[in-house]
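Following: one structure in structure tokens, then a few remarks.
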Amino acid sequence: AYMAVSALWLLQDFAEHYTNFIIGIVLCSLLLAIRNVLKQGKTGSGRFRSFFEFKLLLLGLTLIVATIVLVYVRLEAVRLETIAPFINNTDIVMGILFIAVLLISSWFFWGGTITVLILAMVLYFFYGHHIPGLLTHQYFDPSFVVSYLTMSMVHGVYWFATIGADKIFLIVVFSGLLVNLGVLSLFSEIGKVLGRFVKGGAAFPSIFGSSMVAMVMGQAVANVALTGTMTIPLMKKGGFRPGAAGAVEAVASTGGQITPPIMGLAAFMMAGILGLPYISIALASVIPAILFYLVIIIGVLTYGYAHDIPGLRVPIDTRT
């Protein structure tokens, strides 16, 4: 594992490294979308069947176009990094096709609202200088816009790739290691100990476990997936209504976005946009994170006293 991470570190800051990362994400996403459409189409008929065939055809064409575009970008990565934003006509065509691929992928995974919003922002980049008033901006040449969004190795799509490849990937590896070493169970058992002494104590494994997992995950959905399977049934068994149990877990897990040292993607974006060291962003979030979980504890205690929910009475696994 050490050798693999060391090799990855040596490849960072090279254009080829980020293009490989983008190729993997885009192609795997499209293959996953095709699999999802195939699953949905097995039970369809009539008009639904025609729509299924249209989506499958669209995804197939998108996959072919994406492969051509991404292979082109990979082969030309060094040149594009050197000449950007002064790209040629072929680069512009490939860039426009890349934008189309990303919009179609967004539609299949995030729905029409997000896709329309992305398209509106892209069009604003192209034509925003025609808008009067506060929303206007200076004129950008179309070749510059395409280069900035899809062909520059340090802007647009690739700016997010640098964050994912250099930072988030290693965070995910580290988080997986902690989970498999049983650290998650340790956090849960500590929460059980704290929950013995207060009303509504069944929620404390969720609060404490989610806050500790938040420190090494920084992702709300992943946090719920890891801790919720254990803590929600425990809260329901301890006297919480199902809705309240789910709410406590969801709110506690959401704190992962602002809990240092590892926070959500927004923290890395803030560091990149502001040009500040990531540690500065992490330190600034310490007090908000403490206040966030303090408010959750107060809310749980209030709920526990209001509904007369006793402290937690479950055995503690001291082997963890």
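913 is the number that my numbering gives to position 5 of the sequence shown; each next residue is one higher, with no gaps.
C-beta atoms are modelled at their ideal positions from N, C-alpha and C, and glycine is treated no differently.
Closest residue to residue i among the options (Cα-Cα distance)
i     : options                       : result
L1086 : M1123, F1112, I1205 and R1104 : M1123
V977  : A992, P993, L1010 and V945    : L1010
A1128 : L1209, I1187, M1171 and P1113 : M1171
S1013 : T1044, K947, L983 and L939    : L939
A1192 : P1169, I1217 and Y1213        : P1169
L1134 : C936, N1088, N996 and F1016   : N1088
V1165 : V1132, G1147, K1145 and F959  : One point to set straight first is that residue 1165 is Gln, not Val, in the sequence displayed. It is V1132 whose Cα lies nearest to the Cα of Q1165.
G1163 : I1198, M1177, R1149 and S958  : I1198
I1007 : V973, G1103 and I1115         : V973
T1058 : V1203, E989 and E1157         : E989
A968  : A1152, L935, A1158 and I1098  : A quick correction: the sequence has Gly, not Ala, at residue 968. The shortest Cα separation from G968 among A1152, L935, A1158 and I1098 belongs to L935.
V1159 : G1099, I1204 and M1138        : I1204
V1091 : G1103, G1064, V1121 and L966  : V1121
E1157 : G1146, G1117, S1188 and Y1186 : G1117
P1113 : F1148, F1105 and I1098        : I1098
M1061 : I1181, A992, V1081 and G1103  : A992
Sequence-distant residues of its chain with Cβ nearer than 6 Å to residue i (five each side left out)
i     : result
W917  : In this predicted model, W917 has a pLDDT of only 48, less than 50, meaning its place in the structure is not dependable enough to derive any value.
I1000 : S1051 and V1054
R1221 : none
L983  : none
V981  : T927
Rounded straight-line distance, which links the Cα of residue j to that of residue i
i     : j     : result
F1033 : T998  : 21 Å
H1215 : A1110 : 13 Å
V1101 : I1224 : 7 Å
H1037 : L1031 : 11 Å
E961  : G1019 : 18 Å
R987  : A1179 : 28 Å
Y1047 : A1174 : 29 Å
S1119 : P1150 : 21 Å
I1195 : F1176 : 18 Å
G1067 : S958  : In the sequence as presented, Gly is not what sits at residue 1067; that position holds Trp. W1067 and S958: Cα-Cα distance of roughly 38 Å.
L946  : I995  : 39 Å
G932  : V979  : 11 Å
H1063 : L1005 : 17 Å
I1206 : L964  : 50 Å
A941  : L966  : 11 Å
I930  : F1148 : 44 Å
L1182 : G1003 : 27 Å
DSSP three-state assignment for residue i, whether helix, strand or coil
i     : result
R982  : helix
Q1165 : helix
K1107 : coil
P1141 : helix
Q1046 : coil
A1158 : helix
H1200 : Before going on, a small fix: residue 1200 reads as Phe here, not His. Three-state DSSP puts F1200 in a helix.
V913  : At V913 the pLDDT is 47, less than 50, meaning the model places this residue with poor confidence; the figure from the coordinates comes in the next sentence. Helix, per DSSP.
Q1127 : coil
D999  : helix
G1183 : coil
F994  : coil
I1217 : coil
S1096 : helix
R1149 : coil
P1113 : helix
G1019 : helix
L1027 : helix
L1089 : coil
M1061 : coil
T927  : helix
T975  : helix
I1039 : coil
Sequence-distant residues of its chain with Cβ nearer than 7 Å to residue i (five each side left out)
i     : result
G1108 : V1208, L1209, Y1211, G1212 and I1217
Y1201 : I1115, S1119 and G1163
I1026 : L1011 and S1014
I1138 : The identity of residue 1138 in the sequence shown is Met, whereas the question assumes Ile. Here the set comprises S1096.
T1023 : L1011, S1014 and W1015
T1044 : G1036 and H1037
G1154 : I1140
K1144 : P1150 and A1153
8 Å CB neighbourhood of residue i in its chain, flanking five on each side removed
i     : result
N944  : F1016
V1106 : F1112, L1209, G1212 and G1219
Any C-beta of chain D under 8 Å from that of residue i
i     : result
M1178 : Given the protein chain composition of this structure (a single chain), no chain D is represented.
Any non-hydrogen atom of the ligand NAP closer than 7 Å to residue i Cβ
i    : result
C936 : Of the ligands one can find in the structure shown there are none, so the ligand NAP has no counterpart to examine.
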